[in-house]
Amino acid sequence: MLDLTRRTRPAAAKDTLVVLTDKARLREVDIERADRQYLLEQLKEGNGPAICDISGRLVMVHQVEKGDRASQLEAARRAGAKMAARLNLARRKEAQLLGLCDDGEAVLALAEGVALANYQFRKYRSDDKQAHTLSKLNVVAPAVKPAELEELSDLVEATGIARDLVNEPLSFLTATQLSSELKNMARNSGFKLTVFDKAQIEALAMGGLLGVNRGSPDPPTFNILEWKPKNAVNK
1 MLDLTRRTRP
11 AAAKDTLVVL
21 TDKARLREVD
31 IERADRQYLL
41 EQLKEGNGPA
51 ICDISGRLVM
61 VHQVEKGDRA
71 SQLEAARRAG
81 AKMAARLNLA
91 RRKEAQLLGL
101 CDDGEAVLAL
111 AEGVALANYQ
121 FRKYRSDDKQ
131 AHTLSKLNVV
141 APAVKPAELE
151 ELSDLVEATG
161 IARDLVNEPL
171 SFLTATQLSS
181 ELKNMARNSG
191 FKLTVFDKAQ
201 IEALAMGGLL
211 GVNRGSPDPP
221 TFNILEWKPK
231 NAVNK
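If you read the sequence shown in our numbering, its first letter stands for residue 1, the second for the next number, and so on.
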């Protein structure tokens, strides 16, 4: 999982991802004029994120274009995915994301794209040559609140857990194993988990579930997940 960390100021000469709405703000990035001009020319062409390799330092820029909101955010996610691919190709472990705009939502969307594209399921692989190296993204964006970045981090983690479960082979992820995985999640996340075994399922006359389970050599389970935070308000 990619570690998303909030920072108050950028670090010098680090691999840098940039989100902006106004090209003029590219002057705030610590690069030479010629490199800035090269990035601006790419942005003018409009073919995805602008990328500049400055003596081994990667600087990549995404400009939020005009359009409907859903398209803007999806474009930011796609740009983030391309940036993640480039960072991993260069075997980078850490990068920083600069939000040079008031559009915190677009900054978060790009960070989401980086994080989701960085996911890999490598539980059964021994060759590390194809393993992604990127493990940390420092977010420097005044428009992004700490709680918003924390929420994104939680969503990315939850998505990764769901992907892991989907990618597991059936020989491993039986009904009983799924319940075991859910127990671990409950301990880490704080939701309440109730697991019915076959005897309880039979006692409750859950015929549909029992009928489906007749085709399996493994016993069935039924899982109830409950999340009841204090002072919850249902809108």
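Every residue gets a Cβ at the ideal spot worked out from N, C-alpha and C, and that includes glycine.
Identity of the residue in GLN63, ARG33, ASN231 and LEU182 nearest ILE54 by Cα: Selected option, being the one with the closest Cα: ARG33.
For THR8 and VAL29, believed in contact at Cβ under 8 angstroms, the rounded distance: That belief does not hold up - the Cβ atoms of VAL29 and THR8 are roughly 17 angstroms apart, past 8 angstroms.
The region 63–80 contacting the region 109–117, beta-carbon criterion three pairs below 8 angstroms: Put simply, the region 63–80 touches the region 109–117. At least three CB pairs are less than 8 angstroms apart.
Extent of the continuous alpha helix (DSSP H) run through ASN231: Here ASN231 belongs to no alpha helix (DSSP H), and DSSP marks it neither H nor E.
The region 35–52 in contact with the region 67–74 per 3-pair CB rule at 8 angstroms: Touching, no.
Through-space distance from SER135 to ASP128, alpha-carbon basis: Computed Cα separation, rounded: 15 angstroms.
Anticipated Cβ contact below 8 angstroms, PRO229 with ALA175, distance rounded: At roughly 28 angstroms, the Cβ-Cβ gap does not stay under 8 angstroms, so PRO229 and ALA175 are not in contact.
Straight-line Cα distance separating PHE191 from PRO217: So the alpha carbons of these two residues sit roughly 30 angstroms apart.
Helix, strand or coil at LYS192 [DSSP, three-state]: Note: LYS192 maps to strand in three-state DSSP.
Residue closest to GLN63, alpha-carbon to alpha-carbon, out of GLU148, VAL107, ALA13 and ILE201: Ranking GLU148, VAL107, ALA13 and ILE201 by Cα distance to GLN63 puts VAL107 first.
Whole-Å CB distance - LEU97 paired with VAL61, under 8 angstroms assumed: Rounded, the Cβ-Cβ distance is 11 angstroms, inconsistent with contact.
N- and C-terminal bounds of the beta strand (DSSP E) containing ASP218: ASP218 -> no beta strand (DSSP E), and no H or E assigned at all.
Under the three-state DSSP convention, the category ASP3 falls into: Three-state result, ASP3: strand.
Closest residue to LYS93 among LYS82, THR159, HIS132 and SER153 (Cα-Cα distance): The residue with the shortest Cα to Cα distance from LYS93 is HIS132.
DSSP bridge partner residues for ALA95 (one or two, in chain order): Its beta-bridge partners are LEU137.
Residues near SER126 by beta carbon distance below 6 angstroms, same chain, minus five either side: Its chain contains no residue whose beta carbon lies nearer than 6 angstroms to that of SER126 once the 5 sequence neighbours on both sides are disregarded.
Residues near LEU87 by beta carbon distance below 7 angstroms, same chain, minus five either side: Excluding sequence neighbours, LEU87 sits near ASP15, LEU58, ALA95 and LEU134.
Rounded straight-line distance, which links the Cα of ASP103 to that of ALA24: Roughly 16 angstroms separates the two Cα atoms.
Proximity winner among VAL233, SER180 and ASN213, relative to ILE224 (alpha-carbon distances): The alpha carbon of ILE224 has as its nearest neighbour, out of VAL233, SER180 and ASN213, the alpha carbon of SER180.
Cβ neighbours of ASN118 in the same chain (closer than 8 angstroms, five flanking residues each side left out): Here ASN118 has LEU2, ALA84, ASN88, HIS132 and LEU134 as same chain residues with Cβ atoms under 8 angstroms from its own Cβ, once five neighbours each way along the sequence are excluded.
Beta-carbon proximity of VAL156 to LEU149, cut-off 8 angstroms: The Cβ-Cβ distance between VAL156 and LEU149 does not fall below 8 angstroms.
Host alpha helix (DSSP H) of ILE51 (start-end): Element bounds for ILE51: not the alpha helix (DSSP H) but the beta strand (DSSP E), 50–54.
PRO49 classed as buried or exposed, judged by whether at least 16 other C-beta atoms fall within 10 angstroms: Within 10 angstroms of the beta-carbon of PRO49 lie 16 or more other beta-carbons, which makes it buried.
Supposed close pair LEU4, LEU204 - CB separation, criterion 8 angstroms: Actually they do not touch by this definition, with Cβ atoms about 42 angstroms apart.
Through-space distance from TRP227 to LYS235, alpha-carbon basis: Answer to the nearest angstrom: the Cα atoms are 16 angstroms apart.
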